[in-house]
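If you read the sequences in order, they're chains A and B.
According to the working numbering, the stretch in the first sequence is residues 47 to 692, in order.
According to the working numbering, the stretch in the second sequence is residues 57 to 160, in order.
All C-beta atoms in this analysis are idealised placements derived from N, C-alpha and C, irrespective of residue type, glycine included.
One structure is given below, encoded as structure tokens.
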Amino acid sequence: SVHFNDPKYPQQWHLNNRRSPGRDINVTGVWERNVTGRGVTVVVVDDGVEHTIQDIAPNYSPEGSYDLNSNDPDPMPHPDVENGNHHGTRCAGEIAAVPNNSFCAVGVAYGSRIAGIRVLDGPLTDSMEAVAFNKHYQINDIYSCSWGPDDDGKTVDGPHQLGKAALQHGVIAGRRGFGSIFVVASGNGGQHNDNCNYDGYANSIYTVTIGAVDEEGRMPFYAEECASMLAVTFSGGDKMLRSIVTTDWDLQKGTGCTEGHTGTSAAAPLAAGMIALMLQVRPCLTWRDVQHIIVFTATQYEDRRADWVTNEAGFSHSHQHGFGLLNAWRLVNAAKIWTSVPYLASYVSPVLKENKAIPLSPHSLEVLWNVSRTDLEMSGLKTLEHVAVTVSITHPRRGSLELKLFCPSGMMSLIGAPRSMDSDPNGFNDWTFSTVRCWGERAKGTYRLMVRDVGDETLQPGILQQWQLTLYGSVWSPVDIKDRQRLLESAMSGKYLHDGFTLPCPPGLKIPEEDGYTITPNTLKTLVLVGSFTIFWTVYYMLEIYLSQRNVATHRVCRSGPCHWPQRSQKAREEGTELESVPLCNSKDPDGVETEREGPPTTSDPLAPDLLAPGDWGPSQDRSTLNCPHHHLAPDLLQGKEEQIC
Amino acid sequence: LAETDRPGAQGPGGLSWAVHLDSLEGEGQEETLEQQADALAQAAGLLNAGRIGELQGYYLFTQPAGHQQEQQVEALRQQAETVLARHEAVRWHSEQRLLKRAKR
């Protein structure tokens, strides 16, 4: 029953696939129930967002936006030589393109607000990343990041110290304490045998890592396998398959609409949009709740090339597709009835020093660590979420190494896949790999790490110097997990998805942000220039007046004795040359009685100099007549009973 | 920009360091940390560009204007490293380098 007049909506197969029913994100039923992302803000951290384009402008959130490349509040993309700064705008359109405006396309969460943080269009440092991840973090709920380290199959990189601190701070303090949601694209290094476990953003416990499938449900040529990928959603495939239709920029060669958005870049924003729908129905979902709901609701589907394995908790994961396809209907219905997962419990093993040689394939080095009930008692950890292994290995050719982790259940995760293009001679220096494949399984038991060398036997053998195991999870028992699975399935009919049913939500924390308003450098420079200009003219004008007054005083008034105010003639008044100001001096009776003078001096004073008209106060005149030294007056100078002492 | 676009190259606008100061307890700690950061930056021959985002206790120190020649820059780097490495209030410091990031 959902109809839009946006001309490209029929081609948005990822929203509603008429050609291949079921090969879409299953969102139309959610929209029918008026769940559109209202009240949620998603920020695209990228090369900018053209927020003036008509498909984005009505949903644009300036409060959540910033430009870190130019250091101003406006994230408009800059035209570039390669016509490449359309990326952020395309991602933004996927999330929140306005419906029914007869223009281009519709966003997944078309009722949400969309912000932009421009940070990729220029030099990028660790500190800039840290600023980006927490920018306006009480306004922005979800951070969509379709970028990462090079997917060249030989890079090992991720967030550095500050970026890591910012991600952690974001999940602790962002979104009123419920935690910022960071959605990242798993990477496009499939052709180089890349693996997202060499990407610290993708294998972080704080991020929702999303991969891609094409319209046929297969892993595209660019997609990477990964043990730490949570789920997949649709994107473009090879040239015979359709790509994602979304808003485009209209600068340079852009037309405002594109049918060619693809890569894992196109998948992550769709996931961000679906999470926005979840947050509308239950705003108090924590960052861990969102990950749990994805694990619980993603759907395994038929793909013979994918190695689906069902773990001890009943969740099926494949290195190609994570826990499966994201399904908006299932996500939103699960979110509606979800009660928060208990606190994050963790266990860290000692640093296990091995210093053992790594044999050539088919042989493997196997090291074990047993996690006992006592080890977990303090934290209460019972079932797993992420499992991380930090290793230090020396090897002359890093890409020849293969690392596998086995959880106590026997569930295997290929955490360090061999990479033929990685010839780095420096091995791994405290690099952390992770897996989500043991999600929901019991934490207690023996963990096995197997390392082997799949490379050339002529090279020196590698050495496993040390490793350390870190477990993350909760106090949920395996029974609790099963109960939650049953509860969610009971909600999938949609019976709870209406306004009449709402679980209570706590209000969240009030966390002040760093800056209410900051003056940008450009504004500051402008203010300084205007201020300097004003000060200069003020000083000049004051000098002009001062010096002109001094001349008048010297010549006419203050030669000797008290100052006498100039008499003003009737003629001068009539001609309008009379000074308009009232003299600021007290009249003093010769007997010493002072009276305040209220009007201009009279013309009866014979000693009054010629009338001073405006303009007579030339530079030579002394304006400080009020400060003339007191002199005894000659009797013939006394005028009447009063003398004016200025 | 072409020169500074190499990963690992010094950050935009010259040398810069991120510094994590030991946090103080009690009221007014942010102000005291800010003052401490100012003093430390001055001692290191740098300018305090302020707190890094929302990270309490983390500050960005930047190269003052005017140090353009390579020798001057190198001297400044050594001075900054020496001061920051030895100062008791500095829990961690790191010279900011360019990161290589790609859209996907």
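Between A:T516, A:T332, A:D113, A:V355, which has its C-alpha nearest S392 of chain A's C-alpha?
The residue labelled residue 392 of chain A in the question sits at position 346 within the first sequence. Minimum Cα distance to S392 of chain A is reached at A:T516.
Tell me which same chain residues have a C-beta within less than 7 Å of the C-beta of S466 of chain A, skipping the five on either side of it?
Reading the first sequence from its first residue, position 420 is the one you call residue 466 of chain A. The residues are N239, G445.
Just the C-alpha distance for S650 of chain A and T569 of chain A, rounded to the nearest angstrom, thanks.
Position 604 of the first sequence, counted from the first residue, corresponds to residue 650 of chain A. Position 523 of the first sequence, counted from the first residue, corresponds to residue 569 of chain A. Residue confidence for S650 of chain A is low, a pLDDT of 42 falling below 50, so the modelled location carries little weight and cannot support an answer.
Hey, does A141 of chain B have any beta-carbon neighbour from chain A nearer than 8 Å?
Numbered from 1 along the second sequence, position 85 holds the residue referred to as residue 141 of chain B. No, A141 of chain B lies away from the interface with chain A (no Cβ there is under 8 Å from its Cβ).
Is the Cβ-Cβ distance between L505 of chain A and R443 of chain A less than 8 Å?
Start at 1 with the first residue of the first sequence, and residue 505 of chain A comes out as number 459. Start at 1 with the first residue of the first sequence, and residue 443 of chain A comes out as number 397. Yes. Within cutoff.
So with CB distances below 7 Å, who are the chain A contacts of A74 of chain B?
In the second sequence, the residue the question calls residue 74 of chain B occupies position 18. Result: D172, S173, L208.
Give the straight-line distance between the Cα atoms of H206 of chain A and K156 of chain B, rounded to the nearest whole angstrom.
As a working note, residue 206 of chain A is residue 160 in the first sequence. As a working note, residue 156 of chain B is residue 100 in the second sequence. Near 12 Å, if we compare the C-alpha coordinates of K156 of chain B and H206 of chain A.
For D113 of chain A, tell me which candidate among A:Q298, A:H307, A:G162, A:T478 has the shortest Cα-Cα distance.
Here the question's residue 113 of chain A lines up with position 67 in the first sequence. The residue with the shortest Cα to Cα distance from D113 of chain A is A:G162.
Buried or exposed (CB count within 10 angstroms, at least 16 for buried), A95 of chain B
Taking the second sequence and counting its residues from 1, one reaches residue 95 of chain B at position 39. Label assigned to A95 of chain B: exposed.
For N72 of chain A, is the beta carbon positioned less than 7 Å from some heavy atom of the ligand HEM?
Of the ligands one can find in the structure shown there are none, so the ligand HEM has no counterpart to examine.
Got a sec: is the Cβ-Cβ distance from R133 of chain B to anything in chain A below 8 Å?
Within the second sequence, residue 133 of chain B is the residue found at index 77, counting from 1. So, not an interface residue.
Ranges of the alpha helix (DSSP H) found wholly within the region 105 to 169 of chain A, counting only runs of at least 4
133 to 142
Could you please tell me which residues of the region 193 to 218 of chain A, in chain order, have their CB closer than 7 Å to any CB of chain B?
W193, G194, P195, D196, D197, Q207, L208, A211, A212, H215
So what's T138 of chain B in DSSP terms, helix, strand or just coil?
The sequence position of residue 138 of chain B within the second sequence is 82, counting from 1. Residue state, collapsed to three classes: helix.
Nearest candidate by alpha-carbon position, reference T279 of chain A, set A:H60, A:P56, A:W354
The count along the first sequence starts at 1 and reaches residue 279 of chain A at position 233. Here the closest residue by C-alpha is A:H60.
Where L116 of chain B meets chain A, residues with beta-carbon distance less than 7 Å:
One-based indexing of the second sequence puts residue 116 of chain B at position 60. Near L116 of chain B (Cβ distances below 7 Å), the residues of chain A are S173.
Classify V139 of chain B as buried or exposed, calling it buried when 16 or more other Cβ atoms lie within 10 Å of its own Cβ.
For this step, residue 139 of chain B is matched to residue 83 along the second sequence. Buried is the call here.
Own chain partners of Q92 of chain B with C-beta closer than 7 Å, once the 5 adjacent residues on each side are dropped
Here residue 92 of chain B corresponds to residue number 36 of the second sequence, with the count starting at 1. L77, A145, listed in sequence order.
Taking Cβ positions, are R419 of chain A and K490 of chain A nearer each other than 8 Å?
Numbered from its first residue, the first sequence carries residue 419 of chain A at position 373. Numbered from its first residue, the first sequence carries residue 490 of chain A at position 444. A contact, by the Cβ cut-off of 8 Å.
Name the chain B residues whose beta carbon is nearer than 9 Å to that of L390 of chain A?
Taking the first sequence and counting its residues from 1, the one referred to as residue 390 of chain A is at position 344. Neighbours of L390 of chain A on chain B: none; closest Cβ ~20 Å, over 9 Å.
List the residues of chain A whose Cβ lies closer than 7 Å to the Cβ of R157 of chain B, in chain order.
Along the second sequence, one-based indexing puts residue 157 of chain B at 101. Simply L166, L170, W193, G194, P195.
Let me know the secondary structure DSSP gives N693 of chain A once reduced to three states.
Beyond the ends of chain A as shown, which are 47 and 692, falls residue 693 of chain A; an answer cannot be given.
Quick one: does Y393 of chain A have its CB under 8 Å from some CB of chain B?
For this step, residue 393 of chain A is matched to residue 347 along the first sequence. So, not an interface residue.
Mind checking N117 of chain A: buried by the 16 CB within 10 Å criterion, or exposed?
Counting from 1 along the first sequence, the entry for residue 117 of chain A is found at position 71. Result: exposed.
With distances taken Cα to Cα, identify the nearest neighbour of I256 of chain A among A:Y268, A:G233, A:P266, A:S158.
One-based indexing of the first sequence puts residue 256 of chain A at position 210. Of A:Y268, A:G233, A:P266, A:S158, the residue nearest in Cα terms is A:G233.
In whole angstroms, what is the alpha-carbon distance linking T98 of chain A and N72 of chain A?
In the first sequence, the residue the question calls residue 98 of chain A occupies position 52. In the first sequence, the residue the question calls residue 72 of chain A occupies position 26. The straight-line gap from Cα to Cα measures roughly 30 Å.
Three-state secondary structure assigned by DSSP to F579 of chain A
Residue 579 of chain A sits at position 533 when you count from the first residue of the first sequence. Of the three classes helix, strand and coil, the one that applies to F579 of chain A here is helix, per DSSP.
If you draw a straight line from the alpha carbon of Q135 of chain B to that of L154 of chain B, how long is it in whole angstroms?
Here residue 135 of chain B refers to the residue found at position 79 when the second sequence is read from its first residue. Here residue 154 of chain B refers to the residue found at position 98 when the second sequence is read from its first residue. Rounded to the nearest angstrom, the two C-alpha atoms are 21 Å apart.
Coarse secondary structure for F228 of chain A, derived from DSSP in three states
For the purposes of this step, residue 228 of chain A is taken as residue 182 along the first sequence, with counting starting at 1. DSSP places F228 of chain A in strand when its eight states are reduced to three.
Opening and closing residue of the beta strand (DSSP E) in which E400 of chain A lies:
Sequence index remark: in the first sequence, residue 400 of chain A carries index 354 (1-based). 398 to 404 is the extent of the beta strand (DSSP E) around E400 of chain A.
So, is the C-beta of L77 of chain B closer than 8 Å to a C-beta in chain A?
By one-based count along the second sequence, residue 77 of chain B stands at place 21. Output row for L77 of chain B: interface = no.
Hey, how far is the Cα of A359 of chain A from the Cα of I188 of chain A?
To locate residue 359 of chain A, count along the first sequence from 1; it is residue 313. To locate residue 188 of chain A, count along the first sequence from 1; it is residue 142. Cα to Cα, A359 of chain A sits roughly 28 Å from I188 of chain A.
Could you tell me whether the Cβ atoms of G283 of chain A and E305 of chain A are closer together than 8 Å?
If you number the first sequence from 1, residue 283 of chain A lands on position 237. If you number the first sequence from 1, residue 305 of chain A lands on position 259. The answer is no: Cβ separation not under 8 Å.
Identify which residue in A:K399, A:L331, A:K428 has its Cα closest to the Cα of P553 of chain A.
The residue you call residue 553 of chain A lines up with position 507 of the first sequence. Comparing Cα-Cα distances from P553 of chain A to each of A:K399, A:L331, A:K428, the minimum goes to A:L331.
Just the Cα atoms here: how many angstroms apart are L57 of chain B and D260 of chain A?
Translated into the one-based positions of the second sequence, residue 57 of chain B becomes position 1. Translated into the one-based positions of the first sequence, residue 260 of chain A becomes position 214. With a pLDDT of only 28 at L57 of chain B, under 50, the local geometry of the prediction cannot be trusted, and the value read off the model is given with reservation. Cα-Cα distance, rounded: 37 Å.
Any idea which residues DSSP pairs T436 of chain A with across the strands?
Here the question's residue 436 of chain A lines up with position 390 in the first sequence. Partner(s): A:T478, A:Q514.
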